[in-house]
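Reading through the structure tokens given below for one structure.
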Amino acid sequence: EMQLVESGGGLVQPGGSLTLSCAASALTFSSNSMTWVRQAPGKGLEWVSSISRSGDNTFYADSVKGRFTISRDNPKSTVYLQMNSLRAEDTAIYYCASGPTGAMALDHWGQGTLVTVSS
Amino acid sequence: DIQMTQSPSSLSASVGDRVTITCRASQGINNFLAWFQQKPGKAPKSLIYAASSLQSGVPSKFSGSGSGTDFTLTISSLQPEDFATYYCQQYDSYPLTFGQGTRLEIK
């Protein structure tokens, strides 16, 4: 089973930047697309971004398009989320997720990392 | 974008009860429908994929059904550890979308 561990969260001022990382344990990392999902305090789950197995294709929610960039390093089994021009509404727990049961499946989730955007 | 509508938004039930949660997609999703359980302070946990397939290690008290645009999650013989929030999610096309969640509470 794939284990996912996120890191890089923290407190950042509005307009600032932050890069999240998600390290995967599975040898099958390069066989799966990877996804970031966030959850604002007390709210539901919101898809943020996904990247294909090779990294050639990336997808973004309208709310982050142009500000966030997803990338992956398959030899390091790690996916990243570069977040720029952060806003208060980006405050959330950010989870990475992936899975083998489908091209866009979210079978396995990390524990999440908290991003707080505040002055 | 495909909209996912869950009902009810909250549900009160007793230990031992059987409950059903419904999820409707705004268009057909080829059965690319997943159900997740989330407990306070924890990451979501996948229960069901492909509308009706049980994830490895998930008890058979959880079952999923449906096709086309209408799907259900049924939980039988509720136990205290089952009281949580449940989400449906379509993974047929981007943007991936989730239902708003159903909070299952102890009566």
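Residue numbers (the numbering used here), protein chains in the order written: chain A, 1 to 119; chain B, 1 to 107.
Every residue, glycine too, gets a C-beta built ideally from N, C-alpha and C.
Whole-angstrom distance between Gly68 of chain B and Gln3 of chain A, CA atom to CA atom:
32 Å
Give me whichever residues DSSP pairs with Glu46 of chain A in a beta bridge.
A:Arg38
DSSP three-state assignment for Phe68 of chain A, whether helix, strand or coil
strand
Would you call the CB atoms of Leu96 of chain B and Trp47 of chain A closer than 8 Å?
yes
Minimum Cβ-Cβ distance from Thr22 of chain B to chain A less than 8 Å
no
Can you tell which of A:Ser54, A:Thr58, A:Ser25, A:Asp90 has its C-alpha closest to the C-alpha of Leu11 of chain A?
A:Asp90
Residue from B:Tyr91, B:Thr85, B:Gly66 whose Cα sits closest to the Cα of Ser9 of chain B
Nearest of B:Tyr91, B:Thr85, B:Gly66 to Ser9 of chain B, Cα basis: B:Thr85.
Taking the alpha carbon of Pro14 of chain A as the point to measure from, which residue in A:Ser21, A:Asn84, A:Val5, A:Leu45 has its own alpha carbon closest?
Taking only the C-alpha atoms, the option nearest Pro14 of chain A is A:Asn84.
Classify Phe29 of chain A as helix, strand or coil using the three-state DSSP reduction.
helix
Which word fits Ala88 of chain A, buried or exposed, when buried means at least 16 other C-beta atoms lie within 10 angstroms of its C-beta?
Exposed, since its Cβ has fewer than 16 Cβ neighbours within 10 Å.
Distance, Thr78 of chain A Cα to Ala23 of chain A Cα
4 Å
By the 9 Å beta-carbon criterion, what residues does the region 16-29 of chain A contribute toward chain B?
Taken residue by residue, none of the region 16-29 of chain A has a beta-carbon sitting less than 9 Å from a beta-carbon on chain B.
What's the gap between the Cα of Gly99 of chain B and the Cα of Thr58 of chain A?
23 Å
Beta-carbon proximity list for Asn74 of chain A, same chain, < 6 Å, skipping 5 on both sides
Ser30
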